[in-house]
């Protein structure tokens, strides 16, 4: 008789599996239910274990998934790309772990400053989503919800990596090893594309490297933080190690130049200029002079290696009425010239609802400019134009505030870093500053999901590493004084 209850349980499980399998045949999306239940159960029982898995996935696996977005896996009607599946899994895992941390009365956010920045971003997204529903009805719900969920998964990834890294000082180094492993796939594929002439060939006569990403415009910004970290390593390392860092920075810069992305090149130049300036208050003017020499030396080496490619990309540009007319009539091969027309059209169209915009995620739906290769509307190719079009003036103000607060918080964290970790921390801040502001948002960092996961992961590592460290020359606070305002 003792076996009867177990038999009943097994029968119930069998019936549940059969029903779920039958439903999954009709609606494949239902297969996510057992996966979601499993993730939630593991996160509740072993939150650190699930955080370790998510940290590896975010830092090491995510860069290799964009190349699968063209759905070459033969999944049939289950057409969601692996990158989207991963993003949903990261979001759900983050929610599950956050609930467990809440029950255990543990902090969710590192401090109130970064929480405030993301509350403003949330408000900005909410305004744009509501505006889309108001002006375009339920047709705006899908694009808006997708964009909101995408950004939420990036923030969730940041929090999970932060929770994971703060458990042990050794995980800071492990996290950077994961990031290096994650970079191997796009860098290796880019080198293969260079050797075999198999990159993006849409522009006649150009082999534009894209690595594992869907477009060269993603590979370029993805490499920038690694290049800046390598340049920072040159400034701090001994002679032999410094030469290794210089070689790494130069090699990655060549790959970036071979993406033929002007905006990526501008991001790198802006980051190289910003890096020593950001370090001035922390390291002093003597170190600033040293850093400027290193940046100048690296810039000269980079120009000797890739200067021809850079001149080629910036030559022949036309600005003004002539450029607009050529872009309008399709008589230009310059991406900058047609972008001018694209930006002008979106700003003019967005002026119909200047306060709250056309709706979150509606740029690639309403843009009148069509990509002839895909027969789909172009994206904005400019963060600030996109945010104005989708969220109006309120959205643009909110996005600028979010970026400014995030950068201010990241800089404060970098200044609290230890002597060994400070160069890397400032390099990450310089990359973030260049991507968001110094290139006028032209590379559209706000929609480059892989780059956002990368930079947010780096921010999580330097945040967790700075919890118990103090900069050189500063005394540790006396016992009992709190230095981190946990939220």
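Numbering (the numbering used here), first residue to last: 12 to 498.
Glycine included, every Cβ here is placed at the ideal spot set by N, Cα and C.
Please read all numbers here as calculations on a predicted model, not as lab measurements.
Asked	Found
According to DSSP, is residue 74 part of a helix, a strand, or is it coil?	helix
Please identify the residue among 361, 434, 376 whose C-alpha is closest to the C-alpha of residue 402.	361
With 16 as the cutoff for other CB atoms within 10 Å, does residue 445 come out buried or exposed?	buried
Report, in whole angstroms, the separation of the C-beta atoms of residue 134 and residue 409, which I expect to be a contact under 8 Å.	6 Å
The alpha helix (DSSP H) spanning residue 197 covers which residue range?	181–207
May I ask which residues mark the beginning and end of the alpha helix (DSSP H) holding residue 93?	93–114
Closer than 6 Å by C-beta to residue 413: which residues in its own chain qualify, once you throw out the five before and the five after it? Chain order, please.	128, 131, 132
Does residue 172 pass the burial test, meaning 16 or more other C-beta atoms within 10 Å, or should it be called exposed?	buried
When DSSP builds the beta bridges, which residues end up paired with residue 219?	211
Taking a contact to mean a Cβ-Cβ separation below 7 Å, would you say residue 104 touches residue 286 in this structure?	no
In the DSSP output, what is residue 382 paired with across the bridge?	387
Reducing DSSP to helix, strand and coil, say where residue 233 ends up.	helix
Given residue 432, which residues of its chain have a CB within under 6 Å of its CB, disregarding the five upstream and five downstream residues?	476
Do the CB positions of residue 221 and residue 211 come within less than 7 Å of each other?	yes
Determine the extent of the alpha helix (DSSP H) in which residue 473 is found, giving its start and end residues.	460–476
Cα separation between residue 436 and residue 307?	20 Å
By a C-beta neighbour count over all protein chains shown, 10 Å radius and 16 as the cutoff for buried, is residue 350 buried or exposed?	buried
So the candidates are 140, 464, 390; which of them puts its Cα closest to the Cα of residue 68?	464
Would you say residue 282 and residue 239 are within 7 Å of each other, going by their C-beta atoms?	yes
Going by the beta-carbon positions, is the gap between residue 200 and residue 223 smaller than 7 Å?	yes
Can you tell me whether residue 369 is buried or exposed? The criterion is at least 16 other CB atoms within 10 Å of its CB, across all chains shown.	buried
Which residue comes first and which comes last in the alpha helix (DSSP H) that contains residue 427?	It is not in any alpha helix (DSSP H) - residue 427 carries neither H nor E in the DSSP assignment.
Could you spell out where the alpha helix (DSSP H) holding residue 376 opens and where it closes?	374–377
Between residue 257 and residue 245, what straight-line distance do the alpha-carbon atoms span, to the nearest angstrom?	6 Å
With distance defined between alpha-carbon atoms, name the residue in 178, 71, 97, 378 nearest to residue 117.	178
Measuring straight from C-alpha to C-alpha, what distance separates residue 168 and residue 136?	18 Å
How would you call residue 500, buried or exposed, if buried means at least 16 neighbouring beta carbons within 10 angstroms?	Within the shown structure, residues of the chain are numbered from 12 to 498, placing residue 500 beyond reach of any answer.
Do residue 278 and residue 242 have their beta-carbon atoms positioned less than 7 Å apart in this structure?	no
Checking 7 Å against the spacing of the C-beta atoms, do residue 61 and residue 71 come in under that value?	no
Is the beta carbon of residue 227 sitting closer than 7 Å to the one on residue 270?	yes
What three-state label does DSSP hand residue 6 in the structure shown?	With the chain represented from 12 up to 498, any question about residue 6 goes unanswered, as that position is not in the structure.
Mind reading off the beta-carbon distance from residue 106 to residue 113? Whole number of angstroms is fine, and I expect it under 8 Å.	At roughly 10 Å, the Cβ-Cβ gap does not stay under 8 Å, so residue 106 and residue 113 are not in contact.
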